[in-house]
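Right, one structure below, let's go through it.
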Amino acid sequence: MKKISLGIVVLAMFLIIAPSARALTPLRREIKNTIRETVKEGKKESSSPANTNEDVKEIRMDLLDKVKNFMKKNLKFEARVKGKITVIGSNNFSLSGEDGTFQVNITDKTVILRKFGGKSSLSEYSVGDEVVVFGKFTDDTKLIIDAKTVKNNSIQKRFGAFFGKVTVKNTDNFVMETAERGIQTVYFGTTKFINIKEINISYGDIKIGDRVRVKGVWDKTLNEIREVSQIKIFK
Numbered sequence: 000m001k002k003i004s005l006g007i008v009v010l011a012m013f014l015i016i017a018p019s020a021r022a023l024t025p026l027r028r029e030i031k032n033t034i035r036e037t038v039k040e041g042k043k044e045s046s047s048p049a050n051t052n053e054d055v056k057e058i059r060m061d062l063l064d065k066v067k068n069f070m071k072k073n074l075k076f077e078a079r080v081k082g083k084i085t086v087i088g089s090n091n092f093s094l095s096g097e098d099g100t101f102q103v104n105i106t107d108k109t110v111i112l113r114k115f116g117g118k119s120s121l122s123e124y125s126v127g128d129e130v131v132v133f134g135k136f137t138d139d140t141k142l143i144i145d146a147k148t149v150k151n152n153s154i155q156k157r158f159g160a161f162f163g164k165v166t167v168k169n170t171d172n173f174v175m176e177t178a179e180r181g182i183q184t185v186y187f188g189t190t191k192f193i194n195i196k197e198i199n200i201s202y203g204d205i206k207i208g209d210r211v212r213v214k215g216v217w218d219k220t221l222n223e224i225r226e227v228s229q230i231k232i233f234k
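Heads up: the sequence shown at position 198 corresponds to 197 in numbering that gives the first Met the number 0, and the numbers run straight through without jumps.
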């Protein structure tokens, strides 16, 4: 009985600490009580001298099913799927993965993230992107999901500071060579340029060969830095 008890507890803990943990808080006490009662019931039934080994095994499997069904019925965010996007709509997309094909609805409460955790939007998505979806199935078919959180692992962007040497200057961007990330194109827009003394300068003051530090959002796939907040030049 210890083995099945441990399996039930592990199952419960895994589901409780999933990304929807905050929403599950009101259920934790009920889940805990249900598991305790179920295990107690199982010990009583399986300890009967009249039960064979097969009977005990069947009782244990039935107990695990009871807990699974209880959680499945009561957990608010029960969908957790991953796969590649096949179609993108105005406020939804279709996803195909190992578990099947699903329609994922984006609501005003959906949190959309990039791979490194930065905020994203459906407008950044492309067919073929790999995504992970946490949400709630809308009906018994379990093919349509109202998404709580969507993480797009194909949008590899993160905010940071990047250092390099200017190699090419264009009208609205420049190219710099970095030590760790290779060649990066910097789209600076209306960002602020400063020198090593923190004095404001202009894009025209930057020359080929200058070392610069760029603060912005790096796109690992495209080798671009956008949403730049500051560029500092080191002479």
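Backbone N, C-alpha and C define an ideal beta-carbon position, used for all residues, glycine too.
First and last residue of the beta strand (DSSP E) that includes Ile230? Glu223 to Phe233
Three-state class that DSSP yields for Glu123 in the structure shown: DSSP places Glu123 in helix when its eight states are reduced to three.
To test your reading of the DSSP string, which unbroken beta strand (DSSP E) runs of 3 or more residues are found completely within the segment 149–202? Look at the segment 149–202 and you find these whole runs of beta strand (DSSP E), each 3 residues long or longer: 156–168, 172–177, 181–186 and 191–193.
Any 3 or more C-beta pairs closer than 8 Å across the segment 100–116 and the segment 140–153: yes
Counting only the same chain and skipping the five closest in sequence on each side, list residues whose C-beta sits under 7 Å from that of Ile182. Val174, Glu176 and Asn222
Could you check the C-alpha separation between Arg180 and Asp138 for me, to the nearest Å? 46 Å
Three-state class that DSSP yields for Asp145 in the structure shown: strand
With distances taken from CA atoms, which of Gly88, Gly127 and Asn90 is nearest Lys81? Gly127
Enumerate in chain order the residues of its own chain whose CB-to-CB distance from Ile195 is below 6 Å, with the five nearest sequence positions on each side excluded. Phe233
At the level of alpha carbons, what is the spacing between Lys141 and Ile200? 57 Å
Quick one: Cα of Gly117 to Cα of Thr100, how far? 26 Å
Own chain, CB closer than 7 Å to Ser119, minus 5 neighbours either side, in chain order: Ile111, Leu112, Arg113, Asn151 and Ile154
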